[in-house]
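These protein sequence lines map, in sequence, to chains A and B.
Once you know that position 68 of the first sequence is 68 in this note's numbering, the rest is easy, because the numbers rise by one and skip nothing.
Once you know that position 25 of the second sequence is 1025 in this note's numbering, the rest is easy, because the numbers rise by one and skip nothing.
Contents: one structure, followed by commentary.
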Amino acid sequence: GQQVMQIPQYQHVQEGEDFTTYCNSSTTLSNIQWYKQRPGGHPVFLIQLVKSGEVKKQKRLTFQFGEAKKNSSLHITATQTTDVGTYFCAGPPSNYKLTFGKGTLLTVNP
Amino acid sequence: DAGVTQSPTHLIKTRGQQVTLRCSPISGHKSVSWYQQVLGQGPQFIFQYYEKEERGRGNFPDRFSARQFPNYSSELNVNALLLGDSALYLCASSKTGSNQPQHFGDGTRLSIL
């Protein structure tokens, strides 16, 4: 079945440093979704990318979808303590299932 | 508008017992999906329901079952509980399915003793 892999598993940064997490799918995706889960919370939808090579920005967050629609990345510029949490990518092998990666846990030292 | 609501928030059961978890989707959302999340892992897909029909099933044993009601709310049932069933069970709703953003509830924390 489809596998979604994320690296790194953990990332600790100083406040103000940049952060990037990478996501790779074993199969081509129709779209990719990114979620953020704060400690003790539930996943919260961030963004959905649909087109090959698509790049979207949300303030300090930049999301990319690969040309082959099998990989994606999330880059945070100048991290803040409010960015702490686990970032998940998720890809639907169909409209009837969503496969999540294991996530990247980001901690930020103030 | 109210978000996805789940009940109960916490539950403690013993091995061999049965449990029912409940979920109410966002108004207007017809698709409900269930996920199991163990500590340090991403949510694992269990079921997706749409218009009361099961449309997708993850790699979980038959002890797991679910249903969706005419008002689009849903229940997840787990029989013959095992220690390994201890996890956070998340419900997510969307308008039509997995190709759309999923809106998660706060989850039910299930502990098996």
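Ideal placement from N, C-alpha and C gives every residue a C-beta, glycine not left out.
DSSP bridge partner residues for residue i (one or two, in chain order)
i	result
B/Arg952	Here chain B comprises residues numbered 1001 to 1113, so residue 952 of chain B is not present and cannot be evaluated.
B/Glu1053	B/Tyr1050
A/Ile32	A/Leu49
A/Ser25	A/Val4
A/Phe63	A/Lys56, A/Leu74
B/Val1019	B/Val1078
A/His12	A/Thr107
Neighbour list for residue i in chain A, Cβ cutoff strictly below 8 angstroms
i	result
B/His1103	Phe45
B/Phe1060	Going along chain A, no residue has its Cβ under 8 angstroms from B/Phe1060, so there is no contact; the nearest lies around 12 angstroms.
B/Gly1107	His42
Within chain B, partners of residue i - CB distance below 7 angstroms
i	result
A/Tyr96	Gln1048, Arg1055, Gly1056, Gly1097, Ser1098
A/Asn31	Asn1099
A/Phe88	Gly1042
A/Gln48	Pro1101
CA-to-CA distance, residue j to residue i, given in whole angstroms
i	j	result
A/Cys89	B/Gly1042	9 angstroms
B/Thr1108	B/Thr1005	10 angstroms
B/Asp1085	B/Arg1067	19 angstroms
B/Ala1002	B/Gly1105	11 angstroms
A/Pro110	A/Trp34	25 angstroms
A/Gln48	A/Ile32	6 angstroms
A/Thr21	A/Ser52	19 angstroms
A/Lys56	A/Phe63	5 angstroms
Where the beta strand (DSSP E) through residue i begins and ends
i	result
A/Ala90	85-94
A/Gly40	Run containing A/Gly40: none; DSSP gives neither H nor E here.
A/Asn109	104-109
A/Lys58	In the sequence on display, residue 58 of chain A carries Gln and not Lys. That run of the beta strand (DSSP E) goes 55-58.
B/Ser1111	1108-1112
Interface residues of chain A facing residue i [CB-CB closer than 9 angstroms]
i	result
B/Leu1090	His42, Pro43
Partners in chain B for residue i, counting only beta-carbon separations shorter than 9 angstroms
i	result
A/Phe100	Tyr1035, Gln1037, Gln1041, Gly1042, Pro1043, Gln1044, Phe1045
A/Gly103	Gly1040, Gln1041, Gly1042
Within chain D, partners of residue i - CB distance below 7 angstroms
i	result
A/Pro92	The displayed structure is made up of protein chains A and B, and chain D is not among them.
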